[in-house]
Structures are given as structure tokens and as C-alpha cells.
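Following the numbering used here, the numbering of the sequence shown begins with 90 at its first residue and continues without gaps.
Ideal Cβ placement from N, Cα and C applies to all residues, glycine included.
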Amino acid sequence: MSIINKFILTKQTIESLSSKSKLIVVCKKQSFEKILPLINHGHLDFGENKVQEAYIKWKDFIKDHGKINLHLLGHLQTNKVSQALEIFSFIHSLDSERLAIKLENEERKLEKKLKYFIQINLADEKNKSGISSHEALNFIDFCKNELNLNIIGLMCLPPIDVDPREYFIKLKEISISKKIEHLSMGMSQDYKIAINCGSTYVRVGSAIFN
Ligand SMILES: *Cc1c(COP(=O)(O)O)cnc(C)c1O
Numbered sequence: 090m091s092i093i094n095k096f097i098l099t100k101q102t103i104e105s106l107s108s109k110s111k112l113i114v115v116c117k118k119q120s121f122e123k124i125l126p127l128i129n130h131g132h133l134d135f136g137e138n139k140v141q142e143a144y145i146k147w148k149d150f151i152k153d154h155g156k157i158n159l160h161l162l163g164h165l166q167t168n169k170v171s172q173a174l175e176i177f178s179f180i181h182s183l184d185s186e187r188l189a190i191k192l193e194n195e196e197r198k199l200e201k202k203l204k205y206f207i208q209i210n211l212a213d214e215k216n217k218s219g220i221s222s223h224e225a226l227n228f229i230d231f232c233k234n235e236l237n238l239n240i241i242g243l244m245c246l247p248p249i250d251v252d253p254r255e256y257f258i259k260l261k262e263i264s265i266s267k268k269i270e271h272l273s274m275g276m277s278q279d280y281k282i283a284i285n286c287g288s289t290y291v292r293v294g295s296a297i298f299n
């Protein structure tokens with residue numbers, strides 16, 4: 090099946106499950122040749138997980154295509170913040186005070202506002218980004234009350250090889266208790282489950298490109 094057909098099928102599946110869930114096409118490691126048909130079809134939301142790779146790929150294109158929203162899904166190092174602010178509209182990996190403060194400062198300098206998801210490492214896995222589960226509630230309060238960042242949602246990446254449901258439900262509970270609207274959860278393997286648990290942004294790559 091062609092990329093465009095897999096994209097259309099994925100979109101239909103999402104729409105059949107919820108009118109509130111948006112599809113982010115994760116196109117890391119994909120060439121522009123493969124992405125262009127989706128752009129020409131009218132799709133606007135694309136996800137990347139490395140700042141440097143995305144910057145090289147999108148920097149010129151994005152200047153002339155203001156309607157496209159690039160979503161940063163992977164870890165953001167503080168020394169890449171100004172590059173990230175240049176091309177991305179959404180950052181799904183806000184996970185430390187240091188990063189949050191740096192983003193606020195750079196936003197002010199560049200007179201730019203992005204939309205942010207706070208990433209929570211719900212299972213406290215080593216080698217995984219995200220604020221630890223025991224620090225998450227305080228961090229959310231800090232970002233919402235002490236900073237001038239537009240926090241729209243929470244994001245999680247459940248451990249692999251386990252039933253993701255309990256993590257999706259946990260993230261949903263936190264979003265309700267903190268009055269946060271959006272949930273970035275669900276990938277190719279589990280986006281249907283994620284939508285049933287309240288996801289509003291699913292991040293799908295391999296189901297479309299492979
Ligand atoms: C790669 C990636 C995805 C997409 O994963 P697929 O299994 O290819 O759908 C989603 N979220 C993040 C953070 C990723 O790095």
C-alpha cells in the first residue's frame with residue numbers, strides 16, 4: 090500500500106474513534122520526497138525527534154509554508170533551544186526547570202510563543218526523557234504559575250512490551266487534576282488504545298511510512 094493510502098486509512102481510523110484526536114505524522118529519518126505527497130494532500134502536522142536533523146530538513150521549507158506545524162517529540166537540550174524555536178510550533182518534551190526557564194527567556198528574545206506538552210516519565214525509566222513521576226505535579230505547577238509558557242498538554246511514552254493502558258489512564262488523571270486540556274499519547278502500535286483513553290494528539294510514524 091502506498092504511503093498516502095496508509096495515511097488516509099490511519100486518519101479514517103482516528104476519526105472513527107474520536108473527533109478530538111489529531112494526527113501527527115512522525116517523519117523522522119524520512120526524506121522530503123516521502124513527506125511531500127502528504128503535504129500536498131493538505132496534512133499540516135509533522136513530528137520530528139531530533140532538533141538538528143529537523144532543522145536541516147525543514148528550515149527553508151517552513152519559512153514559505155507558515156501553516157505547517159512541526160512538533161518536536163524528542164529530548165531538547167538547552168543549547169538547541171534557539172534552533173528549536175525557529176522551526177517548531179509544538180514541543181512535546183518539556184521536562185526540566187532549567188529547560189523551561191531557558192525556553193521562556195528565548196521566547197521573549199525572539200518574540201515567539203510555542204505550545205508545550207510536559208513529558209512525564211511515568212515509570213521512572215532510566216535513559217528515558219521526561220520529568221520523574223514524583224516531581225511531575227510540582228513541575229506542572231511551576232510551569233503554569235511561575236512561567237509565561239503556553240502549556241497545553243501532557244505527554245508520555247509508556248515502557249515498551251507492557252500494556253500501555255495504565256500509563257495512558259494515569260496521564261489522563263493528572264491532566265484532569267491539573268486542568269490541562271491536551272494529551273500527547275499513542276504511537277503506531279497503540280494509538281487506538283491511547284485514543285480510547287483520551288488522547289488528543291497521536292504520533293504515528295511507522296504505520297504510515299513502513
Ligand atoms: C518515533 C516516535 C514516534 C512514532 O513511533 P512509530 O512507532 O513509528 O509510530 C512517536 N513518538 C515519539 C516520541 C517518537 O520518537
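Residue i - DSSP class collapsed to helix/strand/coil
i: SER58; result: With the chain running from 90 to 299 in the structure shown, residue 58 is simply not present.
i: LEU98; result: helix
i: ILE269; result: coil
i: GLN208; result: strand
i: SER346; result: Within the shown structure, residues of the chain are numbered from 90 to 299, placing residue 346 beyond reach of any answer.
i: LEU238; result: coil
i: GLU137; result: strand
i: LYS169; result: helix
i: HIS223; result: helix
i: LEU243; result: strand
Any non-hydrogen atom of ligand 2 closer than 7 Å to residue i Cβ
i: ASN158; result: Ligand 2 is absent from the structure shown, which contains only ligand 1.
Residue nearest to residue i in terms of C-alpha spacing, selected from the options
i: TYR307; options: HIS132, LYS152, ILE176; result: No information on residue 307 is available, as it lies outside the stretch 90 to 299 that the chain covers here.
i: ASP252; options: HIS271, ASP149, ASP279; result: ASP279
i: PRO126; options: ASP149, LYS152, ILE97, GLN101; result: ILE97
i: GLU142; options: GLY155, LEU188, LEU133, ALA173; result: ALA173
i: GLU137; options: SER120, LYS215, LEU161, ILE124; result: LEU161
i: SER222; options: LYS100, LEU188, ASN237, GLU262; result: GLU262
Residue i beta carbon near ligand 1 (any heavy atom closer than 7 Å)
i: GLN141; result: no
i: LYS202; result: no
i: LYS152; result: no
i: ASN361; result: Outside the shown range of the chain (90 to 299) lies residue 361, about which nothing can therefore be said.
i: LYS95; result: no
i: GLN278; result: yes
Are three or more beta carbon pairs between the segment 143-159 and the segment 100-112 nearer than 8 Å?
no
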